[in-house]
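Take a look at the structure set out below.
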Amino acid sequence: MSQETVAFTGRRVLLDSASEPGPATIYVDGAGRVARIEPEHRPAGAALDAGDRLLMPGVVDAHVHINQPGRTQWEGVVTASHAAAAGGVTTIIDMPLNCIPSTVTVAAYEQKRASFADGMWVDVGTWGGVVPGNAGDLVPMLEAGARGFKCFLCDSGVAEFPPVDEAQLRAAMAELATKGGRLLFHAEVDTGAAADAARDPTEYATFLHSRPPAMEVAAIDLVVRMCREFAPRVPCHIVHLSAADALPAIRAAKAEGLPLTVETCFHYLTISAEDVPPRSTEYKCCPPIRGDANRDALWAAVLDGTIDMVVSDHSPCTPDLKLHPCCAGALRPGATEGDFVSAWGGIASVGIGLPLLWTEGARRGLRLQDVVRLVSEATAAHAGLAARKGRIAVGLDADFVVWAPDAENRITADKLHFRNKLTPYRERSCLGLVHQTVVRGAVVYDASKPDPDDRFSAQSHGQWIGSEY
1 MSQETVAFTG RRVLLDSASE PGPATIYVDG AGRVARIEPE HRPAGAALDA GDRLLMPGVV
61 DAHVHINQPG RTQWEGVVTA SHAAAAGGVT TIIDMPLNCI PSTVTVAAYE QKRASFADGM
121 WVDVGTWGGV VPGNAGDLVP MLEAGARGFK CFLCDSGVAE FPPVDEAQLR AAMAELATKG
181 GRLLFHAEVD TGAAADAARD PTEYATFLHS RPPAMEVAAI DLVVRMCREF APRVPCHIVH
241 LSAADALPAI RAAKAEGLPL TVETCFHYLT ISAEDVPPRS TEYKCCPPIR GDANRDALWA
301 AVLDGTIDMV VSDHSPCTPD LKLHPCCAGA LRPGATEGDF VSAWGGIASV GIGLPLLWTE
361 GARRGLRLQD VVRLVSEATA AHAGLAARKG RIAVGLDADF VVWAPDAENR ITADKLHFRN
421 KLTPYRERSC LGLVHQTVVR GAVVYDASKP DPDDRFSAQS HGQWIGSEY
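Numbering (the UniProt record's numbering), first residue to last: 1 to 469.
Following this line, the structure appears as structure tokens:
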């Protein structure tokens, strides 16, 4: 192992979800990996002393839409990774759609990788995509470094990433079975539901009724059936679970021993349909934010382990595509300001999930160890990175976040570092304030710097997570 070069220390260090916070000093080698851990607080000579703040594994956000190349007016790798770093996120895994070209071939994968060079303040990898006709591209993409693959069972919202039918899905899974590739499902299918043209489209309920829970339940029934058919060779994953009505099928599949994992998102756990004001299209996403009783049921599934992990599903766009009142003068002809039905669906939230989850979760019995499990360990394992990330242990990457869980925090515009600041969380009060973020032993964000422009490291320290991992 390379020679130890720096040390990080604190009185409250949480190494993993099975530990208790306690004093520790972590020694990091020249390759940016943990070389040694001593159970003592040794501030003398340390590169960073967290003191009484919590030092824990960095967050791994396994569901982020960076949109580069092709739609960088929505988001780009520099702004996305800055936002991640400011929120204690040390690794982000990009989604294969909303960029142009979609990441559905090795050539597109390599184009994305090249476009990210020198712009990553945190480590970045990507999922590939399954679309009609690309089954033969999947194994080559997996060998190039794609972490797995995502498919849609309904319209994705962008023409470059069409949905797959059952026959196309089976062909893709047969290819993935040869290498044990993971398949992620946007689990909604078309059930014929539609918005009622007689209802006001600027009322959230009009949109909500057009995406009923039955769309998710039917899709998840299909996922479970396909997962069973290809078990154990193709691990399956349900992205952004919204509908609690699907939880019985998920629990039954897990009890059967099927290789099925499930994520939900910060917004489904922290916002209810009853909270959404008229015309506030920053709240629109697919599947939708549902009612308060549904949110309680999702939380019960998080706490009992049915839901394995929590991610952001950061899916931004420009405000005009949201048909948002803030840019009413720039809307396309014929567009209705605040139209939930026609607005782009997606919530911007990369880098602000940690305090959101902790604020809501702590009052429901969530422990700090559960936070590590949900946003670091499980997400790292999901992306095939458990041997490198998600815990603080000898041999793993020195990825840390130093934060104060009980500190008051207001999410103001100056704390939003993603490109378009339109998010339902602006001006929201919560608990939990990130102070430093460390990626492979380098401090990439330091909130103690008085000049906001100096809080990010002058150089990008992030690396591409490819086949070498």
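For every residue, glycine included, the Cβ atom is placed at its ideal position computed from N, Cα and C.
Does DSSP put residue i in a helix, a strand or coil?
i	result
Asn294	helix
residue 483	The structure shown does not extend to residue 483, since the chain spans only 1 to 469, so no value can be given for it.
His382	helix
Leu416	coil
Gln459	coil
Arg373	helix
Thr91	strand
His41	coil
Thr5	strand
Ala240	Note that residue 240 is His in the sequence shown here, rather than Ala. Looking at His240 - three-state DSSP - the assignment turns out to be coil, as it is neither helix nor strand.
Ala255	helix
Glu75	coil
Asp248	For the record, residue 248 in the displayed sequence is Pro; it is not Asp. Helix.
Roughly how many angstroms separate the alpha carbons of residue i and residue j, rounded to a whole number?
i	j	result
Gly395	Gly181	25 Å
Arg12	Leu55	6 Å
Asp123	Trp464	6 Å
Gln111	Val104	11 Å
Ala18	Ala24	15 Å
Ser467	His237	21 Å
Ala108	Arg364	43 Å
Leu183	Met173	8 Å
Val89	Gly462	11 Å
Thr245	Gly291	Residue 245 is actually Asp in this sequence, not Thr. Those two C-alpha atoms are separated by around 12 Å.
Val6	Asp61	26 Å
Leu15	Asn134	41 Å
Arg388	Trp344	36 Å
Leu433	Gly45	25 Å
residue 485	Arg426	The chain is shown from 1 up to 469; residue 485 falls before or after that span and cannot be answered.
Ala362	Gly305	16 Å
Asn67	Glu75	6 Å
Taking the alpha-carbon of residue i as reference, which of the options has the nearest alpha-carbon?
i	options	result
Tyr469	Ala335, Gly125 and Val104	Gly125
Lys179	Val224, Val139, Val89 and Val443	Val139
Ala35	Val60, Ile26 and Arg42	Ile26
Gly32	Ile392, Leu422, Glu427 and Ser448	Ile392
Phe456	Lys415, Leu422 and Arg426	Lys415
Pro21	Glu4, Ala50, Tyr283 and Thr281	Ala50
Gly136	Ala252, Ser272, Ala171 and Leu321	Ala171
Ala442	Leu48, Pro39 and Arg42	Leu48
residue 476	Glu40, Gly119 and Asp221	Only positions 1 to 469 of the chain appear in this structure, which leaves residue 476 out of reach.
Gly353	Pro96, Pro405, Cys326 and Met120	Pro405
Val234	Gly148, Ile347 and His314	Gly148
Is it buried or exposed for residue i, if we count other Cβ within 10 angstroms and need 16 for buried?
i	result
Gln459	exposed
Ala197	exposed
Asp94	buried
Ser156	buried
Pro201	buried
Met1	Only weak support is given to the placement of Met1: the predicted model assigns it a pLDDT of 41, under 50, and the question is left unresolved by the model.
Ser448	exposed
Gly192	exposed
Asp454	exposed
Pro452	exposed
Glu143	exposed
Ala293	exposed
Asp118	exposed
By DSSP's criteria, residue i is part of a beta bridge. Which residues make up the other side?
i	result
Gln436	Val402 and Asp446
Asn409	Cys430
Val124	Ile92 and Trp464
Ile66	DSSP output for Ile66 lists no bridge partner at all.
Ile220	BP columns for Ile220 are empty, so no partner.
Contact criterion: CB-CB distance below 7 Å. Does residue i meet it with respect to chain D?
i	result
Val139	Looking at the structure shown, chain D is missing, and only one protein chain is on hand.
Compute every distance between the C-beta of residue i and the non-hydrogen atoms of the ligand ATP, then say whether any falls below 6 Å.
i	result
Asn98	Among the ligands in the structure shown, none appear at all, so the ligand ATP cannot be discussed.
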